[in-house]
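Novice: After the structure tokens below, expect a handful of questions from me.
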Amino acid sequence: MVLEWEQHWDTFGVGGTCNYGTHNFFIGDVDDDGVLELITGGYSYPSSDYNYTDVEAPLRIWNWDGTNFNIEKDHNWPGSIRSIYAGDLDGDSIVEILTASFSTLRLWNWNNEALTSKTQYVGISARSMFISDVNNDQIPELLIVGSVYGDNGSGTQLQVLKWNKTTTSLELVAYSKTQANSVCAVDLNNDGVIEIVTGGYSNNLTSSRGEISVWTLNGETLVLRDRNEWCSIEEGYGVGISGAPMGNTMVSNLKIGDVDDDGFEEIVAGGFTYDGEKVNAQLTIWNWSSHVLELEKSQEWRSRDITEVKSISLNDVDGDGSLDIINSGFIGVYGGFSDVDKPAEQAQLRVWSWDGEELKLKVGHDWDVGEGVTAWNVATGDVDNDGTVEIVTIGCMYVSNLCDPDLRIWSIASNAGSFPYDILPVALAVVVVIIIAIFIAKKKRWV
């Protein structure tokens, strides 16, 4: 794995910026110029002695040409950005950029010259967003999971919204309570119906279970088609580096794609699970091809006391023709928040392949920078148009109380991890024969 670029923000070393949250980064061509943009959020502050009135939402639109990392647009306003998405929400073939704070959803258009505010929707704190025509009416819907405040009550919900061209505003179509952290939508079983998939947890943090749910939209009603909950042990919960409860088992991020080339879309979910002593990173792969959630694979691993999957991307990053599973994450130790003698938090990046039977780790890399770092987000795309799909990680590193997103662009050589190990014994045998032949020839000369 090659590190092509590392980018710090303009606040680096003076103030701080943190790109927190597991859905707070997006790669896509948002201005129709043929170049993939990188869109970042989070929060920023001007100095180490800031107060809450100084905190701003730093929307940034970047591009990378393979040599220079360029900023196309920077725009700040009071508050923060906790999640980002982009897509054509109103069917006009123009991409909308969606930014969500803890109370307001904002829609923007960027044409490479001007950033235009399109509308705002107040009353939901979106953790994750997705755009899809889930009822086949040729008009896209906006799917949101997050905390809701307002006429529809409070708590965590899955909401379906639609753009009204007459009023030029977002309108609520349907909603249902669910403790979800991530949402996607696709036709899971090739029947022509788009399913909505959410991932999160059930119960409270001290007794949480990982949860995957499958929904469909019927008119103005969300119909729960299937749900699966799981955990590693029934009792107990893990704690974070500060000692606060973080849960028993939880899904932080999910993506959907045909990762085993079987013609059906798989659900790939990442998060963590507590084993009674330590907190393990967890990847689970599911299918719904027979209208029932079936677990194809569960993979757990741990580097220190705490290992988490924060974010997932699906793409062919090594040029072998199959979708890879890419996850970013976090490594920490108990008590690390307050004890400077403890090892610093590390970021983690993993690239996997799944063929329906074996989950192979192609590439793995852990790194530290400053006094600690978390790779909150990962996204993929050929961002410099060189024919290679890059992996981009972003999150938060810190020195004292000054943070920085520490964006990194990575690449993998084509077919990395695809060495034909089945021919290795033959190759070794040939080498041995050649060495023996050379030895015999030399021995004859000595004699």
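My numbering runs 15 ahead of the 1-based position in the sequence shown.
Even glycine gets a Cβ: it sits at the ideal position worked out from N, Cα and C.
Report back the beta-carbon spacing between Glu309 and Asn302 to the nearest angstrom; my notes put them in contact at under 8 Å.
Specialist: Sequence index remark: in the sequence shown, residue 309 carries index 294 (1-based). Sequence index remark: in the sequence shown, residue 302 carries index 287 (1-based). Yes, Glu309 and Asn302 are in contact; Cβ-Cβ is about 5 Å, under 8 Å.
Novice: CB-CB under 7 Å to Trp369, same chain, minus the five flanking residues each way: which ones, in chain order?
Specialist: Counting from one through the sequence shown, the residue named residue 369 turns up at place 354. Closer than 7 Å at Cβ, skipping near neighbours: Val274, Asp275, Ile300, Lys312 and Ile340.
Novice: Please name the residue in Phe84, Ala115 and Asp107 whose C-alpha comes closest to that of Phe40.
Specialist: Along the sequence shown, one-based indexing puts residue 40 at 25. Checking every option, the nearest Cα to that of Phe40 belongs to Ala115.
Novice: Under 8 Å Cβ to Cβ from Val229, same chain only, skipping five residues before and after it: list those, please.
Specialist: Residue 229 sits at position 214 when you count from the first residue of the sequence shown. The residues are Leu203, Glu210, Ile211, Val212, Leu239, Arg240, Asp241, Arg242, Trp303 and Leu308.
Novice: Buried or exposed: which applies to Gly57, given that a residue is buried once 16 or more other Cβ atoms fall within 10 Å of its Cβ?
Specialist: Against the sequence shown, residue 57 aligns to sequence position 42. That one is buried.
Novice: Between which residues of its own chain and Ile399 is the CB-CB distance below 6 Å, once the five residues before and five after are set aside?
Specialist: As a position in the sequence shown, residue 399 is number 384, starting the count at 1. In the sequence as displayed, the identity of residue 399 is Asp instead of Ile. The answer, listed in chain order, is Trp79, Asp80 and Gly81.
Novice: How would you call His306, buried or exposed, if buried means at least 16 neighbouring beta carbons within 10 angstroms?
Specialist: Taking the sequence shown and counting its residues from 1, one reaches residue 306 at position 291. With fewer than 16 Cβ atoms within 10 Å of its Cβ, His306 is classed as exposed.
Novice: Measuring straight from C-alpha to C-alpha, what distance separates Leu66 and Lys375?
Specialist: Within the sequence shown, the letter at position 51 stands for residue 66. Within the sequence shown, the letter at position 360 stands for residue 375. Rather than Leu, the amino acid found at residue 66 in this sequence is Asn. Near 47 Å, if we compare the C-alpha coordinates of Lys375 and Asn66.
Novice: On the three-state DSSP scale, how would you describe Ser108?
Specialist: Residue 108 sits at position 93 when you count from the first residue of the sequence shown. Ser108 falls in the coil class under three-state DSSP.
Novice: Can you tell me which of Trp125, Leu176 and Val110 puts its alpha carbon nearest to the alpha carbon of Ala141?
Specialist: For the purposes of this step, residue 141 is taken as the residue at position 126 of the sequence shown. Selected option, being the one with the closest Cα: Leu176.
Novice: Would you say the stretch 221–235 touches the stretch 183–199, given that touching needs at least three Cβ pairs under 8 Å?
Specialist: With a cut-off of 8 Å, the stretch 183–199 and the stretch 221–235 count as touching, because enough Cβ pairs lie within range.
Novice: Helix, strand or coil: which one does DSSP assign to Asp48?
Specialist: To locate residue 48, count along the sequence shown from 1; it is residue 33. Coil.
Novice: My understanding is that Tyr289 touches Ile248, with C-beta atoms under 8 Å, so please give their C-beta distance in whole angstroms.
Specialist: Numbered from its first residue, the sequence shown carries residue 289 at position 274. Numbered from its first residue, the sequence shown carries residue 248 at position 233. Indeed they touch by this definition, with Cβ atoms about 7 Å apart.
Novice: Which partner residues does Tyr164 have in the DSSP bridge list?
Specialist: Here residue 164 is taken as the residue at index 149 of the sequence shown, counted from 1. DSSP lists no partner for Tyr164.
Novice: On the DSSP bridge list, what partners appear for Ile271?
Specialist: Counting from 1 along the sequence shown, the entry for residue 271 is found at position 256. In DSSP, Ile271 forms a bridge with Ile282.
Novice: Evaluate Ile86 with the Cβ neighbour count: other Cβ atoms within 10 Å of its Cβ, from every protein chain shown; 16 or more gives buried, anything less gives exposed.
Specialist: Translated into the one-based positions of the sequence shown, residue 86 becomes position 71. Exposed.
Novice: Using only the alpha-carbon positions, how far apart do His23 and Asp401 sit?
Specialist: Working through the sequence shown from its first residue, we reach residue 23 at position 8. Working through the sequence shown from its first residue, we reach residue 401 at position 386. For His23 and Asp401, the distance between alpha carbons rounds to 23 Å.
Novice: Tell me which residues share the same chain as Gly350 and place their Cβ nearer than 8 Å to its Cβ, disregarding the 5 neighbours each side in the sequence.
Specialist: Taking the sequence shown and counting its residues from 1, one reaches residue 350 at position 335. Hits under 8 Å: Ile256, Gly258 and Lys357.
Novice: So, at 6 Å on beta carbons, what are the nonlocal neighbours of Gln172 in its own chain, with the 5 sequence-adjacent residues on each side left out?
Specialist: Against the sequence shown, residue 172 aligns to sequence position 157. Counting only Cβ-Cβ distances below 6 Å, and skipping sequence neighbours, we find Val163, Tyr190 and Lys192.
Novice: I need the DSSP call for Ser228, collapsed to helix, strand or coil.
Specialist: Locating residue 228 in the sequence shown gives position 213, counting from the first residue. In the structure shown, Ser228 sits in a strand (DSSP, three-state: E or B).
Novice: For Ser62, which three-state DSSP category applies?
Specialist: As a position in the sequence shown, residue 62 is number 47, starting the count at 1. If DSSP states are grouped into helix, strand and coil, Ser62 belongs with coil.
Novice: Excluding the five sequence neighbours on either side, which residues of its own chain have a C-beta within less than 6 Å of the C-beta of Asp46, listed in chain order?
Specialist: As a first step, residue 46 must be located in the sequence shown, where it is residue number 31. So the list reads Trp125, Asn126 and Asn127, once near-sequence residues are dropped.
Novice: Give the range of the beta strand (DSSP E) segment to which Gln174 is assigned.
Specialist: Here the question's residue 174 lines up with position 159 in the sequence shown. Gly170 to Asn179 is the span of the beta strand (DSSP E), which, as asked, contains Gln174.
Novice: Would you mind sorting Asp354 into buried or exposed? The rule is 16 or more other CB atoms within 10 Å of its CB.
Specialist: Here residue 354 refers to the residue found at position 339 of the sequence shown. The residue in question, Asp354, is exposed, as its Cβ has fewer than 16 Cβ neighbours within 10 Å.
Novice: Looking only at its own chain, which residues have a Cβ that is under 6 Å from the Cβ of Glu156, when we skip the five neighbours before and after it?
Specialist: As a working note, residue 156 is residue 141 in the sequence shown. Only Val149, Val175 and Lys177 meet the Cβ criterion.
Novice: Alpha carbon to alpha carbon, how far is Gln153 from Glu360? Give it in angstroms, no decimals.
Specialist: Locating residue 360 in the sequence shown gives position 345, where the first residue counts as 1. Locating residue 153 in the sequence shown gives position 138, where the first residue counts as 1. Those two C-alpha atoms are separated by around 46 Å.
Novice: Would you mind giving the Cβ-Cβ distance between Asp12 and Glu52, rounded to the nearest angstrom? I have them listed as a contact below 8 Å.
Specialist: In the structure as shown, the chain begins at 16 and stops at 462. Residue 12 is therefore absent and cannot be evaluated.
Novice: Thr395 and Gln363 - do their beta-carbons sit closer together than 9 Å?
Specialist: Locating residue 363 in the sequence shown gives position 348, counting from the first residue. Locating residue 395 in the sequence shown gives position 380, counting from the first residue. Their beta carbons are not under 9 Å apart, which means Gln363 does not touch Thr395 by this criterion.
Novice: Got a sec, what are the start and stop residues for the beta strand (DSSP E) Pro420 sits in?
Specialist: Counting from one through the sequence shown, the residue named residue 420 turns up at place 405. From DSSP, Pro420 is part of no beta strand (DSSP E); its letter is neither H nor E.
Novice: Determine the burial state of Thr183: buried for a count of at least 16 other Cβ atoms within 10 Å of its Cβ, exposed for fewer.
Specialist: As a first step, residue 183 is located in the sequence shown; it is residue number 168 there, counting from the start. The residue in question, Thr183, is exposed, as its Cβ has fewer than 16 Cβ neighbours within 10 Å.
Novice: Cutting at 7 Å between CB atoms, please list the residues of its own chain near His90, excluding the five before and the five after it.
Specialist: Taking the sequence shown and counting its residues from 1, one reaches residue 90 at position 75. Leu74 and Leu130, listed in sequence order.
Novice: If I measure Cβ to Cβ from Leu187 and keep anything under 6 Å in the same chain, skipping five residues before and after, which residues do I get?
Specialist: Taking the sequence shown and counting its residues from 1, one reaches residue 187 at position 172. If we look at Leu187 and ignore the five residues flanking it on each side, its Cβ neighbours are Leu176.
Novice: Give the DSSP-derived three-state secondary structure of Leu185 in the structure shown.
Specialist: Numbered from 1 along the sequence shown, position 170 holds the residue referred to as residue 185. The answer is strand: DSSP assigns Leu185 an E or B state.
Novice: Can you give me the C-alpha to C-alpha distance between Val404 and Asp419, rounded to a whole angstrom?
Specialist: The count along the sequence shown starts at 1 and reaches residue 404 at position 389. The count along the sequence shown starts at 1 and reaches residue 419 at position 404. Cα-Cα distance, rounded: 25 Å.
Novice: Where do the ends of the beta strand (DSSP E) carrying Arg317 lie?
Specialist: Locating residue 317 in the sequence shown gives position 302, counting from the first residue. Looking at the DSSP string, Arg317 is not in any beta strand (DSSP E), and its letter there is neither H nor E.
Novice: Taking the alpha carbon of Glu372 as the reference point, which residue from Asp320, Val294, Asp277 and Val407 has its own alpha carbon closest?
Specialist: Position 357 of the sequence shown, counted from the start, is the residue given in the question as residue 372. Checking every option, the nearest Cα to that of Glu372 belongs to Asp277.
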